[in-house]
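J.:
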Amino acid sequence: MLGYGTEGFRERRRLRKERRGPGPGPYALLPWLLMGLGSFSNLFQGKTPNPWIGGLGLLAFNSLYISLVARGFTREKRESTVSYVLLGTMAVITFGLAIGYGGSWLLFFPLLSLACGTILRRRWLAAVLFALAVSVCLIAVWREDGAATPWTLAYGTFISGAVTAAILTLSETVRELAATREELARTAVEKERLRFSRDLHDLLGHTLSVIVVKSEAARRLAPRDMDAALLQVADIESVGRQALTEIREAVTGYREGSLATELDRARSALTAAGITPSVRRSGAPLAPQTEALLGWVVREAVTNVVRHSSATTCSFVVDGTADRVHLTVTDDGTTPAAPPSPGIGGTGLKGLTERLATAGGSLTAGPAPSGGFTVRAELPADAGAETGAETETDRVR
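Using the working numbering, the letters of the sequence shown map in sequence onto residues 269 to 665.
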């Protein structure tokens with residue numbers, strides 16, 4: 269809750285300013301009330317018959333003007349029935365004072381027009397302003413004692429409301445654009461956080477799995493074959509160094525994967541885990557972005573096989589046509605390597621599904637017909653062209 273001290277007052281003032289946004293405020297329209305000084309002067313000089321009626325009319329007019337101007341800067345209040353009732357009451361008072369007294373009292377028409385410009389919008393505003401301009405012109409001609417020529421009063425009445433409405437509409441547009449810009453900025457930040465979380469999950473999940481597998485292999489080999497154990501330790505060091513490089517690249521947003529590199533790492537990780545890998549690749553060379561996306565699929569699939577399956581073999585098949593490319597990863601494990609449902613429930617597979625969908629592809633995962641588990645990815649052969657703009661935007665950010 270906001271307090272009643274200095275800090276609370278400042279916070280309430282800041283919130284009111286944020287709601288109002290940039291542009292003029294109600295106080296900018298109050299000095300126009302000085303146009304009524306001529307009528308006020310006539311009351312005190314005794315030039316106005318029935319001065320009490322004129323005084324009450326002047327007080328009511330000024331009160332309604334201030335109220336309408338204050339309400340006109342908040343859309344909910346401006347479009348409420350109360351505002352229209354107040355504006356109608358103000359119009360009745362304006363016509364009554366102008367017809368009854370004439371002279372300087374006709375200058376209330378430009379003020380009425382200004383109030384209309386704060387409340388009304390679109391076609392209603394144009395019709396009302398035109399009616400007011402014609403009315404003040406006819407009244408001035410009829411009374412023959414206006415404070416200015418009839419045409420000048422008509423022009424001033426019309427232009428007062430039109431300019432006020434134009435300025436306030438522009439101010440509202442600027443506020444909406446500022447709000448849209450803030451929303452776009454928030455969306456960009458959320459998108460970047462999602463991208464980073466996916467990268468971090470894919471990088472660390474795979475790397476830590478490989479380190480654990482190779483550490484277990486080194487522990488098993490150490491008692492009987494120290495050279496083989498030291499080779500596994502060297503691999504752990506290499507994987508760790510590579511992980512540091514990839515994390516730095518992911519943080520800066522410049523990471524580009526390679527399908528061939530990921531397949532080589534997959535062979536090493538699977539072999540260390542006692543799983544026999546096989547790779548079959550055919551078709552034309554792939555675009556860099558397509559290779560990067562398929563590399564993520566290989567990384568996640570291998571991580572799931574090593575972590576969650578009891579497989580003895582794992583195969584990778586890359587094939588496709590001139591338009592589409594397919595990657596199929598199949599293991600013979602008895603325990604599913606990931607949740608066996610089309611919805612793809614794993615965090616890593618969810619992230620991959622979003623990545624591939626953005627590039628116009630798809631990802632499915634589930635039990636294989638002959639046992640084990642299958643992950644199948646499909647992408648356009650030119651996925652780089654479809655996601656290039658997004659990639660460049662990510663890099664700029």
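Beta carbons: idealized from backbone N, C-alpha and C, even for Gly.
1) In this structure, does DSSP put PRO491 in helix, strand or coil?
2) Starting from the C-beta of GLU646, find all residues in its chain whose C-beta is less than 7 Å away, skip the five residues before and the five after it, and write them out in chain order.
3) According to DSSP, is GLY588 helix, strand or coil?
4) If you measure between the beta carbons of SER428 and LEU382, is that distance less than 8 Å?
5) Let me know if LEU445 comes out buried or exposed under the rule of 16 or more other beta-carbons within 10 Å of its beta-carbon.
6) Using the beta-carbon count (16 or more within 10 Å), is VAL457 buried or exposed?
7) Please classify PRO648 as buried or exposed, where buried requires at least 16 other C-beta atoms within 10 Å of its C-beta.
8) Pop quiz: ASP599 and PHE641 are said to be a contact at Cβ under 8 Å. What is the actual Cβ separation, rounded to whole angstroms?
9) Looking at the strands, I want to know which residues DSSP matches up with THR544.
10) The alpha helix (DSSP H) spanning GLY385 covers which residue range?
11) If TYR667 and GLY322 are in contact, beta carbons under 8 Å, what's the gap, nearest whole angstrom?
12) Quick one: using the 10 Å Cβ neighbour count with 16 as the cut-off for buried, is THR655 buried or exposed?
13) Less than 8 Å between the CB atoms is what I'm expecting for GLY364 and GLY424, so what's the real figure, rounded?
14) Return the CA-CA distance between ALA447 and GLY385, expressed in angstroms with no decimal places.
15) Which runs of the alpha helix (DSSP H) at least 4 residues long sit entirely within the region 331-365? Give them in chain order.
16) If you run the structure through DSSP and keep just helix, strand and coil, what is THR642?
T.: This is what the structure gives:
1) As a position in the sequence shown, residue 491 is number 223, starting the count at 1. The three-state secondary structure of PRO491, taken from DSSP, is coil.
2) For this step, residue 646 is matched to residue 378 along the sequence shown. Within the same chain, and ignoring the five residues on either side of GLU646 in sequence, the residues whose Cβ sits closer than 7 Å to its Cβ are ARG592, HIS594, GLY629 and SER630.
3) Walking along the sequence shown from the start, residue 588 turns up at place 320. In this structure, DSSP gives GLY588 an extended state, which the three-state scheme calls strand.
4) If you number the sequence shown from 1, residue 428 lands on position 160. If you number the sequence shown from 1, residue 382 lands on position 114. Yes, the Cβ-Cβ distance between SER428 and LEU382 is below 8 Å.
5) As a first step, residue 445 must be located in the sequence shown, where it is residue number 177. Exposed.
6) Here residue 457 is taken as the residue at index 189 of the sequence shown, counted from 1. By the neighbour-count criterion, in which 16 or more other beta carbons inside 10 Å mark a residue as buried, VAL457 falls on the exposed side.
7) One-based indexing of the sequence shown puts residue 648 at position 380. For PRO648, the number of other beta carbons within 10 angstroms of its own is at least 16, and it is reported as buried.
8) Indexing the sequence shown from 1 puts residue 599 at position 331. Indexing the sequence shown from 1 puts residue 641 at position 373. Sure, about 6 Å apart at Cβ, within 8 Å.
9) What you label residue 544 is simply residue 276 of the sequence shown in a count that begins at 1. DSSP, once it has assigned bridges, lists THR581 as partnering THR544.
10) Locating residue 385 in the sequence shown gives position 117, where the first residue counts as 1. That run of the alpha helix (DSSP H) goes 376-387.
11) The requested residue 667 is not part of the displayed model; the chain covers only 269 to 665.
12) Locating residue 655 in the sequence shown gives position 387, counting from the first residue. Because THR655 sits at a pLDDT of 46, beneath the cut-off of 50, its placement in the model cannot be relied upon, and the point is left open.
13) Mapped onto the sequence shown, residue 364 falls at position 96. Mapped onto the sequence shown, residue 424 falls at position 156. Contact between GLY364 and GLY424 fails: their C-beta atoms lie close to 20 Å from each other, not under 8 Å.
14) Numbered from its first residue, the sequence shown carries residue 447 at position 179. Numbered from its first residue, the sequence shown carries residue 385 at position 117. In this structure, the straight-line span from the alpha carbon of ALA447 to that of GLY385 is close to 24 Å.
15) With a minimum length of 4 residues, the continuous alpha helix (DSSP H) runs that stay inside the region 331-365 are 343-346.
16) In the sequence shown, the residue the question calls residue 642 occupies position 374. Strand, per DSSP.
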